[in-house]
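Working notes for the structure below.
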Amino acid sequence: MIRVPARWMRGGTSKGLFIREDALQSWTTSQRDRILLSAFGSPDRYGKQIDGVGGATSSTSKVAVIGGRSPHCEIDYLFGQVGIGDDLIDWSGSCGNLLAAVGVFAIDEGLVPVPEGVSEQAISIWQVNRQQRMRVTVPVANGQANVDGDLVLAGVPRPSARIRTEFLDLGRNGVVLPTGRPVDVLDDGEGGRIEASIVDAGNLMVFVRAHDLGLTGKELPGTPLPASRLERLRCAAAAAAGIADGKSFDWISRERPSAPKISWVAPPVPYTSSAGDAIPAADIDIVARVVSMRQLHHAFTGTGAIALAVAAAIPDTIVGQTRTGTSRSGIRIGHTAGTMDVFADVAQDGGVWHARSAGMDRTARTLMAGDVFVPASCLS
840 MIRVPARWMR GGTSKGLFIR EDALQSWTTS QRDRILLSAF GSPDRYGKQI
890 DGVGGATSST SKVAVIGGRS PHCEIDYLFG QVGIGDDLID WSGSCGNLLA
940 AVGVFAIDEG LVPVPEGVSE QAISIWQVNR QQRMRVTVPV ANGQANVDGD
990 LVLAGVPRPS ARIRTEFLDL GRNGVVLPTG RPVDVLDDGE GGRIEASIVD
1040 AGNLMVFVRA HDLGLTGKEL PGTPLPASRL ERLRCAAAAA AGIADGKSFD
1090 WISRERPSAP KISWVAPPVP YTSSAGDAIP AADIDIVARV VSMRQLHHAF
1140 TGTGAIALAV AAAIPDTIVG QTRTGTSRSG IRIGHTAGTM DVFADVAQDG
1190 GVWHARSAGM DRTARTLMAG DVFVPASCLS
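Residue numbering for the sequence shown follows this note's numbering, beginning at 840 and increasing consecutively.
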């Protein structure tokens, strides 16, 4: 058996396996991926990850590899979306929910020093996948992360301490509209042409109007969705944004399942959350749903919320046209599990939109620390 020191952690509305970079340095990149896939119980043709630690959803099949003191920041954060039925880890994107747990991990593993007497610690983080700076501010007590608090997140049953997560200098090369346009027209694969906003902030995202797909924005788990149409639009957005290097839509669908993600939005309406809570229209500025790994997300992805907040500050995007409220520095999102507040600092310079920062408050904690065991045969 192979044993790897690890922590199983919750960050926001996601869970993931956290491993120090130096715990994996004995293996090649290919061997590392074989070990991690086996640790999660993937691929599993039954879709349950029953022979590993994975939770059989996109929100619970994630891995974070953390390194200390990079040349850019204090911590390196490499994120992988682990396939469930597929023999693949997608290292192309990022996870905003797990970002909160990166800060907790870094402190509790001793990767960043915590001065005596401080009540919170700001940590600079280099997101390796997207080559992007981030910052996390974690409450501390006695040199360790203090995760006890009263912040309740929709999608998480118990309160915990408030952790501020910030994405800095968003977009590749500082550009958040990769096509240069606030609205593009995409082929939906069924003879239709759908208006969409492609936004690169946090992760690459594509936003469409709910009613253009025959949806309402109030969908809950179990609601039938136009899955093939959504996937075609997602792949078309990847091609339009120039991240597919001319590859086919089949290649994008197979090799880049986690990013971009597709979200549909609608003006505020009252609805009932997946927990049965009544969400008044007055409490939100927009309703939004997002698909992650071909499934409706149980809440809303963290990086998707970042991109939505950036898009909301740009008046001509689909999100900017759809939202209500007068604030251009923040937005209240009504999602599957409830509501969330996200802020963004967006400005236009020479006709080009830039996002200096965007962020949200999350919670996180360690669920288990120890070793994950993997059969040595996974390397055969």
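Even glycine gets a Cβ: it sits at the ideal position worked out from N, Cα and C. The structure displayed is predicted, hence computed values, not measured ones.
The beta carbons of I1125 and V1104 sit closer together than 8 Å. Under the three-state reduction of DSSP output, N1042 falls in the strand class. Fully contained in the segment 985 to 1049 are the following beta strand (DSSP E) runs of length 3 or more, in chain order: 1002 to 1007, 1023 to 1026, 1032 to 1040 and 1042 to 1048.
Distance between Q1134 and E955, taken at the CA atoms: about 45 Å. As summarised for the segment 1112 to 1188, the continuous alpha helix (DSSP H) elements at least 4 residues long and confined to that stretch are 1141 to 1151 and 1157 to 1161, given in chain order. Under the three-state reduction of DSSP output, I874 falls in the helix class. Excluding its 5 nearest sequence neighbours in each direction, S909 has C-beta neighbours in its own chain below 6 Å: D915 and W965, listed in chain order. Assigned with DSSP and collapsed to three states, D861 falls in helix.
Annotation: E955 is outside any beta strand (DSSP E) and is labelled neither H nor E by DSSP. Taking 8 Å as the cut-off, the beta carbon of A1080 is found no closer than this to the beta carbon of I1091. Listed in chain order, the non-local C-beta contacts of D1039 below 8 Å within the same chain comprise L1009, G1010, R1011, V1014, V1015, L1016, P1017, A1080 and A1146, local neighbours out to five positions each way being set aside. Under the 10 Å beta carbon count, H1136 is surrounded by 16 or more other beta carbons and is classified as buried. Under DSSP, the beta-bridge partners assigned to Y1110 are I1118. Closest option to Q920, judged by alpha-carbon separation, among D872, S958 and I962: D872. Residue state for G935 is assigned as helix, using DSSP reduced to three classes. Per the coordinates, the alpha-carbon of P1119 lies some 32 Å from the alpha-carbon of D1023. As far as DSSP is concerned, Q970 takes part in no beta bridge. In the three-state reduction of the DSSP assignment, R1093 falls in the helix class, which pools H, G and I.
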